[in-house]
C-alpha cells in the first residue's frame, strides 16, 4: 500500500499479524524482558464477528523503588491497631524477619486493538507488591524523565483512565486519538529512506518505538532496523 | 541472618511467604458477597497460586486472582484468563473466612483458626495425602472483611508452618552450582526444565532429585521415594519450588516439607534443593542446596499430637491486619467522576487549550426556576463540569411536566407532586453523584402582587433570603415563567454585580441574554475595574457611572432596544404553550454563553467583541460574546443584538439600586405593593400597564395546573 494514501490505521486482521511480528522480534531483540503473550478474547454471544479477537500482554514487570529512609513512611495501606495479644507467639526463631523493605512496583501492559480508532492502544496499570493499585500520580513518578516531557508537549500523547475493554476494570491508557496521525508521519519518514510501501506487519514495532518511550520500555535498535524479516 | 545456637549448625531460618492479592480477587469477592453469599459467612475454599522465584532481587508471592474464588457454572466467563498453563501458576489450596462485620473480623480466634489449618496439614502428612498431592503442604488461611460501602477490604493471611522444637539447623547452604559437579549441574538443569515444561508435572511443587553415580539426574515424584533407595543412587535431594530469592535463606515451603520428610521417612539429615529460575529456565546459580539436621521432636509419630504452628503474615514487620481501599476503581460514583473529568480534559486537549476546568467546577450557579429552562440549563451546566448548582422553585411537578422538563419522571408527579426544586436536585444526583446540588422551595416576591400586612414579614424574609442566595453564588440564571418574577432577582444581581443570564420563551421565539454589570461599585469588583481602566480597553469600559456604556439588563431592553420591534413580535399573553424545541435551544445557548463569559478576561464587564483579535490575550475560539441572542423557529433564524443600560431601568439603574441599598424594606414593600412606585421612582409607565394583566398569570401559577409547565413570557 502506498504511504501517501494511507491514513495511518490498520484493520483487526492486520493488527493480529503485526502483533505476531512484534512479539517475535521482541523475544529476539529484548531478552532481558519476558515475552509478550497473545491472549485470546472469548467470543461474546451477541457479537457476530468471525475474526479472532485478542490482545498482547506483558505482565508483572517489576520496578524496584529505593526504600524510604525516613521513619514516617506513608503507607498505602491503612493500618489497624488490633493484632495479636502479647501472649500469643506469632513468629518463631526459624522465621526470618527482614528489616529492610524495598518498595516494589509492578506493571502490567496490554496492547489492545481499538475498533473505533482502528489503531492499537496501550493499556497499563501499576500495583504494589501486595496487589494494591497505584494511582496515576504514583505511576508518573515511575515514568522516565523524558516521558513527562513527551506527555506535556505533545498534544497527541496523554494518559487517561478508562475501563479496560475486556477486564471491566479501570486501567490507564495512552489515548489513541492522535495515533493514526503520527503513525502516518512516522511511516512517511521511513518511506523516504526505503520503499514507498507500508509494511503493515511492522506497524506495532514502529508504534511501540514511540509509545514505549512514554512508559520507559525502550525498543532495542535491532528490532527497528531489521526490516528484512 | 542465622542464629548461632549449638555447634553443628545454626538455626535454619526460612523466609516467610508474601501475599499478593490482585484487584480482581476483591472485585469477584464483592460480587459473590452481594449476589451469592449474602450474609452467609461459612468458610470458602479458595486457590492460591505461586511459582518458583524468577528474579534475583525479588521474591515471588502467593497470589490470589479472581480465579482463586470458586467458579459458578452459571456465570458466563467473559473475562479471558491469561493462561500460562500451570507453569507459573502452581495451585495451592486455601480457605477464606470472610466476616459480615468489622467486629466479627477482629473477634475471629486467629490462634485456633491457624491450629485448625495446621491440623489439616498434619493429617495429610500422616495419611500420606501429602505425598500424593504435595501442594497440600502449602495450605493457607485468609481472613477478611469486605466493606462494600466504603470499598475497603481488611485482610490477613496465614501460611501455617509446623514448628520444630528444637529447631532445624543448617550445616551447609550454598548455590546449587557450587554443590554439584558441572556434569551433575547440567543434568539437574535439564531434568528440572523437563519437569517444568511438562504439563503433567509443572504444577507439582515438591519432588525428588535423584543423581546416579554417572552424574545423571532424574526428577521423581515424592511417592517414588522407596523406589529411589539403593540402586547405586549417589544422592537424593528433596527439591521444591522456592519463591524466595535470598542467597542465604530458603523459602517457607521447606518448613512443612521437612516436617513431611522426617515424619514419613524418619530422616535426620536432609539434603534439599531450593529450585529457582531465571527467564523460564532453571538457574543453579540462584538455586540453593543445603543440608539440614533435624531432631525429630517427641510425639511426632503420634497423629493426635499436633505440633504448634506459626505463620500469620507480618505487615511491614508488625502483627497487624492489612486494609486496602479500592474506592477509586470500584466505587461507581468515583468512576463517574473520572469519566466526566476525562471528557472535559479531552475537550481541552484537543480543541480549547485555555478551557478553565477549575473555574467551571468551582463556580456556584443559582438557577431561579426549575421548569423547562431550569432543568435543561442544569443538565448543560453539569455537562460543562459545573458542580455547584442551586435550584429555586416553589412549584410542584405536574403531570404534564416530565415531557418537557427533563429532570422529572412520572414518579415525581404522584401524590400531589414532589416539590420541583427537591425533585430536580435528586435527579441531578442520579445523573452525576458528585454534583453538589441544593434545592430551595420558595416563591419570588413580585411587583404588582400586593401583600397583606400579615404576609409582609414572610415576604420580606423571602426577599432577604433571595438577597443572600444571590450574594453567595457566582452566577445567576433567571429562568422563571413570568416577567415580574425576574424583577427582584435582576435588581439583586445588579446590586451584587453577579454574572446574570436570562432566558425567556415566546411561542416560537426566544431570548437569551447576559445582563451588564451593576451601576455601582461593589467591593469585589474594585480590582477588576481598575485593571480595565489601566488597560485602556475602550470596548470594555462598561462601567461608567453615567451608565451610558453599561450593557443592559432584561428590563432595560424594553425601553431602549429600538431594533427589537421587527423581530420581537408582541406575543399573545394568553397563550401558554411554546414549541417544545425552544426550551432546549434557549437553555443550551444560555449555558454556552455563560461558559464564554467565564473565560472572558473581563467577565461581567466584557463588552461585545465583534472579532476575535480584540480578546485581551486568551484563546476565544468562539469569537464574539454577544449581549442578547434572539431566535425564532418561525424562520429558523437567530440574531445577536446589543442593548445598553437604561438610566430609567426599574431593575438596574443607579437610582433604583441606591434606593434599595439605602432603604431596604422601605423600598421593597412599596415596590411590591404599589404599582406606580417604581414608575414614579424611575419615570416609567410600562410596568404599570403589564402589572394589571399579570394578575391573571398569578392565579395560574399558584394553582399548579397544566398551564404552568411552559416558561412563556412576553419578550
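Protein chains in written order, with our numbering: chain B, 13 to 241; chain E, -15 to 699. Every residue gets a Cβ at the ideal spot worked out from N, C-alpha and C, and that includes glycine. Everything numeric in this text was worked out from a predicted model, so none of it was measured.
When you compare only the Cα positions, how much space is there between residue i and residue j?
i, j, result
"residue 223 of chain B", "residue 586 of chain E", "41 Å"
"residue 478 of chain E", "residue 485 of chain E", "12 Å"
"residue 49 of chain E", "residue 112 of chain E", "29 Å"
"residue 355 of chain E", "residue 471 of chain E", "18 Å"
"residue 393 of chain E", "residue 659 of chain E", "39 Å"
"residue 254 of chain E", "residue 284 of chain E", "17 Å"
"residue 146 of chain E", "residue 137 of chain E", "29 Å"
"residue 254 of chain B", "residue 32 of chain B", "The structure shown does not extend to residue 254 of chain B, since chain B is modelled only from 13 through 241, so no value can be given for it."
"residue 106 of chain B", "residue -4 of chain E", "6 Å"
"residue 434 of chain E", "residue 319 of chain E", "51 Å"
"residue 227 of chain B", "residue 219 of chain B", "13 Å"
"residue 64 of chain E", "residue 243 of chain E", "Residue placement at residue 64 of chain E cannot be trusted, given a pLDDT of 49 that sits under 50; the coordinates are not used to answer."
"residue 438 of chain E", "residue 374 of chain E", "29 Å"
"residue 591 of chain E", "residue 537 of chain E", "13 Å"
"residue 241 of chain E", "residue 27 of chain B", "48 Å"
At 8 Å on the CB atoms, spell out the chain D contacts of residue i, in chain order.
i, result
"residue 233 of chain E", "Looking for chain D here will not work: the only protein chains present are B and E."
What are the boundary residues of the beta strand (DSSP E) that includes residue i?
i, result
"residue 142 of chain E", "136 to 146"
"residue 29 of chain E", "28 to 34"
"residue 370 of chain E", "Premise fails: residue 370 of chain E is in no beta strand (DSSP E) and is neither H nor E."
"residue 120 of chain B", "115 to 126"
"residue 399 of chain E", "Where residue 399 of chain E is concerned, there is no enclosing beta strand (DSSP E), given that its DSSP letter is neither H nor E."
"residue 9 of chain E", "Note, residue 9 of chain E: premise wrong, no beta strand (DSSP E); alpha helix (DSSP H) at 7 to 16."
"residue 103 of chain B", "Unbroken run through residue 103 of chain B: none, as it is neither H nor E."
Taking all protein chains shown into account, decide if residue i is buried (16 or more other Cβ within 10 angstroms of its Cβ) or exposed.
i, result
"residue 187 of chain B", "buried"
"residue 623 of chain E", "exposed"
"residue 565 of chain E", "exposed"
"residue 618 of chain E", "exposed"
"residue 643 of chain E", "buried"
Going by DSSP, what residue range makes up the alpha helix (DSSP H) through residue i?
i, result
"residue 21 of chain B", "Per DSSP, residue 21 of chain B belongs to no alpha helix (DSSP H) and is neither H nor E."
"residue 640 of chain E", "638 to 647"
"residue 333 of chain E", "316 to 334"
"residue 150 of chain E", "Here residue 150 of chain E belongs to no alpha helix (DSSP H), and DSSP marks it neither H nor E."
"residue 661 of chain E", "661 to 666"
Pick helix, strand or coil for residue i, following the three-state DSSP scheme.
i, result
"residue 52 of chain B", "strand"
"residue 108 of chain E", "helix"
"residue 713 of chain E", "Residue coverage of chain E in this structure runs from -15 to 699, which leaves residue 713 of chain E outside it and unanswerable."
"residue 181 of chain E", "helix"
"residue 274 of chain B", "What is shown of chain B runs 13 to 241, which leaves residue 274 of chain B out entirely."
"residue 75 of chain E", "strand"
"residue 347 of chain E", "coil"
"residue 235 of chain E", "strand"
"residue 612 of chain E", "strand"
"residue 631 of chain E", "coil"
"residue 173 of chain B", "strand"
"residue 259 of chain E", "strand"
"residue 423 of chain E", "strand"
Under 8 Å, Cβ to Cβ, is there at least one residue of chain E near residue i?
i, result
"residue 105 of chain B", "yes"
"residue 170 of chain B", "yes"
"residue 28 of chain B", "no"
"residue 224 of chain B", "no"
"residue 141 of chain B", "yes"
"residue 32 of chain B", "no"
"residue 145 of chain B", "yes"
"residue 158 of chain B", "no"
"residue 181 of chain B", "yes"
"residue 76 of chain B", "yes"
"residue 189 of chain B", "yes"
Determine, using beta carbons only, whether residue i comes closer than 8 Å to chain B.
i, result
"residue 78 of chain E", "no"
"residue 154 of chain E", "no"
"residue 468 of chain E", "no"
"residue 272 of chain E", "no"
"residue 6 of chain E", "yes"
"residue 603 of chain E", "Low per-residue confidence applies at residue 603 of chain E: pLDDT is 48, beneath 50, and the placement is therefore not dependable enough to give any value."
"residue 312 of chain E", "yes"
"residue 584 of chain E", "no"
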